[in-house]
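Residue numbering for the sequence shown follows this note's numbering, beginning at 310 and increasing consecutively. Data block below; observations after.
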Amino acid sequence: MTVKEIMVIGAGQMGAGIALVFARSGYEVKLYDADIEALRRGKQYIEKVFEKDIAKGKMEADTKEKALNRLQLVVDLEADPITADFIIEAVVEKLEVKKEVFRKLDELAPTHTIFATNTSSLPITEIAAVTGRAEQFIGMHFMNPVPVMKLVEIIRGLETSESTCQTVQELTEALGKQDVEVKDFPGFVSNRILMPMINEAVYTVFEGIASIEDVDQVMKLGMNHPMGPLQLADFIGLDTCLSIMEILHEGFGDSKYRPCPLLRQYVQAGRLGKKAGRGFYTYSD
Ligand SMILES: NC(=O)c1ccc[n+]([C@@H]2O[C@H](COP(=O)([O-])OP(=O)(O)OC[C@H]3O[C@@H](n4cnc5c(N)ncnc54)[C@H](O)[C@@H]3O)[C@@H](O)[C@H]2O)c1
Numbered sequence: 310m311t312v313k314e315i316m317v318i319g320a321g322q323m324g325a326g327i328a329l330v331f332a333r334s335g336y337e338v339k340l341y342d343a344d345i346e347a348l349r350r351g352k353q354y355i356e357k358v359f360e361k362d363i364a365k366g367k368m369e370a371d372t373k374e375k376a377l378n379r380l381q382l383v384v385d386l387e388a389d390p391i392t393a394d395f396i397i398e399a400v401v402e403k404l405e406v407k408k409e410v411f412r413k414l415d416e417l418a419p420t421h422t423i424f425a426t427n428t429s430s431l432p433i434t435e436i437a438a439v440t441g442r443a444e445q446f447i448g449m450h451f452m453n454p455v456p457v458m459k460l461v462e463i464i465r466g467l468e469t470s471e472s473t474c475q476t477v478q479e480l481t482e483a484l485g486k487q488d489v490e491v492k493d494f495p496g497f498v499s500n501r502i503l504m505p506m507i508n509e510a511v512y513t514v515f516e517g518i519a520s521i522e523d524v525d526q527v528m529k530l531g532m533n534h535p536m537g538p539l540q541l542a543d544f545i546g547l548d549t550c551l552s553i554m555e556i557l558h559e560g561f562g563d564s565k566y567r568p569c570p571l572l573r574q575y576v577q578a579g580r581l582g583k584k585a586g587r588g589f590y591t592y593s594d
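Next comes the structure, spelled out in structure tokens:
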């Protein structure tokens, strides 16, 4: 299927990044968020990334203007008919919220529209089942930060059709990214491996084995990771990390995935990481 217009639901760090890469690659993009402030911040983020790219000589000013002209903000999902060929959802990592979003989209979107979720860990098959188009439903899992990271994990639900999968592979390629297809199991591949490592790093702090800085230092200098696990957790969002650990814990029923109490406590305190200005570290910008 030829995709011309994209709609992105959720303008947080992932949704804004996804809207950016599609607009940059020549697609018409509509970006929606239930929170108008988040929408405003999303647009600001996109402009800031483009300006940095211009300063680094990676983008022409004219290209930025064209990309921004292709981007439209949507404040009311029901105000105008949806015309997108492809809709990708990037709202919070909560199953019930995502199901509600897709129930509504299924009523509002044209029948040909393909639905994708950027979920990090939730079951694609179960979310698809709330729509009447499970064969046109797929997981398209971008990595953070979206404008930089090359990988897209593609996850087929039980009913996902071959042509849906092919369309999403073509879109991934058009964005200059590379796909890896994985099965619909909790955490897929990326977060099944990454999140237990982050959770274990939180346990080492919780148990007083080393400081936050030293845990990160061990993994940077000792394992050659570009960023320590606790800093990475701050960048991902500690609420998202906790949600993913809960999904792994529940999905596999295995105690090895139990979320560290300290991670839960940070989330309860509102220390959600970089997006909140405070997580394991403090951020001024
Ligand atoms: N943060 C990461 O590193 C990362 C990486 C890959 C995938 N993901 C996944 O992407 C999704 C979004 O994560 P994020 O980090 O961008 O979160 P975020 O908290 O930055 O943004 C979520 C956005 O969803 C909006 N929202 C909530 N409910 C909504 C609704 N019903 N309708 C419309 N908008 C709604 C919020 O206002 C917020 O702006 C999650 O499923 C997450 O697991 C996150």
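Heads up, the beta-carbon is just placed ideally off N, CA and C, and yes, glycines get one too.
Per-residue burial, residue i [other beta carbons within 10 Å of its own, 16 or more giving buried]
i      : result
His450 : buried
Arg379 : buried
Lys583 : buried
Met316 : buried
Pro535 : exposed
Ser472 : exposed
Thr392 : exposed
Gly366 : exposed
Ile518 : exposed
Helix, strand or coil at residue i according to DSSP, with G and I counted as helix
i      : result
Ala347 : helix
Ile521 : helix
Phe497 : coil
Gly324 : helix
Val317 : strand
Phe359 : helix
Leu460 : strand
Gly531 : helix
Asp371 : helix
Arg442 : coil
His558 : helix
Cys474 : helix
Integer Cβ distance of residue i from residue j, believed to fall under 8 Å
i      : j      : result
Asn508 : Cys569 : 5 Å
Val312 : Leu460 : Not really, about 20 Å apart at Cβ, beyond 8 Å.
Pro495 : Phe561 : 6 Å
Lys407 : Ile436 : 5 Å
Thr426 : Glu405 : At roughly 13 Å, the Cβ-Cβ gap does not stay under 8 Å, so Thr426 and Glu405 are not in contact.
Phe589 : Asp523 : Contact flag wrong, Cβ pair sits at about 12 Å.
Leu417 : Glu369 : The Cβ separation is near 36 Å, so there is no contact.
Ser593 : Leu484 : Going by Cβ atoms, the distance from Ser593 to Leu484 rounds to 32 Å, so no, they are not a contact pair.
Glu314 : Tyr336 : 7 Å
Gly319 : Pro454 : About 16 Å; that fails the 8 Å criterion.
Glu462 : Phe497 : 5 Å
Gln445 : Ile464 : Rounded, the Cβ-Cβ distance is 14 Å, inconsistent with contact.
Distance cut-off 7 Å: residue i Cβ against heavy atoms of ligand 1
i      : result
Ile433 : no
Asp543 : no
Thr549 : yes
Glu356 : no
Thr428 : yes
Gln577 : no
Ile612 : Any question about residue 612 goes unanswered here, given that the chain covers just 310 to 594.
Leu415 : Per the sequence shown, residue 415 should be read as Asp rather than Leu. Answer for Asp415: no, Cβ out of range of ligand 1.
His450 : yes
Asn453 : yes
Lys373 : no
Tyr592 : no
Residues bridged to residue i [DSSP beta-bridge criterion]
i      : result
Lys596 : Residue 596 lies beyond the stretch modelled for the chain, which goes from 310 to 594, so this question has no answer here.
Glu398 : Ile318, Thr426
Met449 : Ile463
Glu490 : Ile463
Gly582 : Arg587
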